[in-house]
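The numbers in our numbering rise by one with no breaks, and the one at position 10 of the sequence shown is 211.
The beta carbon of each residue, even a glycine, is placed where N, CA and C say it ideally should be.
The block underneath contains the structure these notes are about, expressed in structure tokens.
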Amino acid sequence: MPKKLHNKLELMKEVIELGVKGEEITVYNIIRKINQKMKHNKLSVKHYVGEQTISDIIKELEKIGCLKLKSKEMTKIGKEKKIYELTDEAVKILKIYEKHYQTIHKS
């Protein structure tokens with residue numbers, strides 16, 4: 202099965218949008234929300250996002266100052282659950298980042 206590269210910038214926007222709507226920003230919650238949205242998409246080929254993809258997106262958003270770690274909890278099965286929150290300037294930062302995305306990520 203060919204590996205689909207997701208549009209990183211689109212996923213970043215999606216995470217910020219969910220945060221603005223008041224959704225809890227955790228890796229698993231974001232995966233669930235984005236994949237639910239994909240499920241209802243009319244495209245014939247659907248590429249669901251995985252844990253590593255979202256984890257990378259969250260790290261990138263944290264690095265550019267859009268997200269910060271709010272708290273860490275332990276799940277029932279003993280895994281660490283990191284909860285993030287948007288910074289005050291998250292939307293502005295993402296808009297600036299979006300404008301310069303091609304320059305920053307030259308191949």
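key: Residues of its chain near S308, where Cβ-Cβ distance is below 8 Å and the 5 sequence neighbours each way are ignored   = With a pLDDT of 49 at S308, under the threshold of 50, the modelled position of this residue cannot be trusted; read the value that follows with caution. Nothing meets the Cβ criterion.
message = Which same chain residues end up closer than 8 Å to I217 when comparing Cβ atoms and leaving out the 5 residues on each side of it in sequence?
response = L262, C267, L287, A291, V292, L295
inquiry  = Once DSSP output is grouped into helix, strand and coil, what is the label at Q237?
reply    = helix
request  = Mark Y285 as exposed unless 16 or more other C-beta atoms lie within 10 angstroms of its C-beta, in which case mark it buried.
outcome  = Burial is judged here by how many other beta carbons sit within 10 angstroms of a residue's own beta carbon; Y285 has at least 16 and is buried.
message = If you reduce the DSSP assignment to three classes, tell me which class K283 lands in.
response = Residue state, collapsed to three classes: strand.
Sequence-distant residues of the same chain with beta carbon closer than 7 Å to I258, five excluded per side = K209, L212, M213, V216
request  = Using three-state DSSP, classify I226 as helix, strand or coil.
outcome  = Strand.
query = From what residue to what residue does the alpha helix (DSSP H) around E263 run?
reply = 252-264
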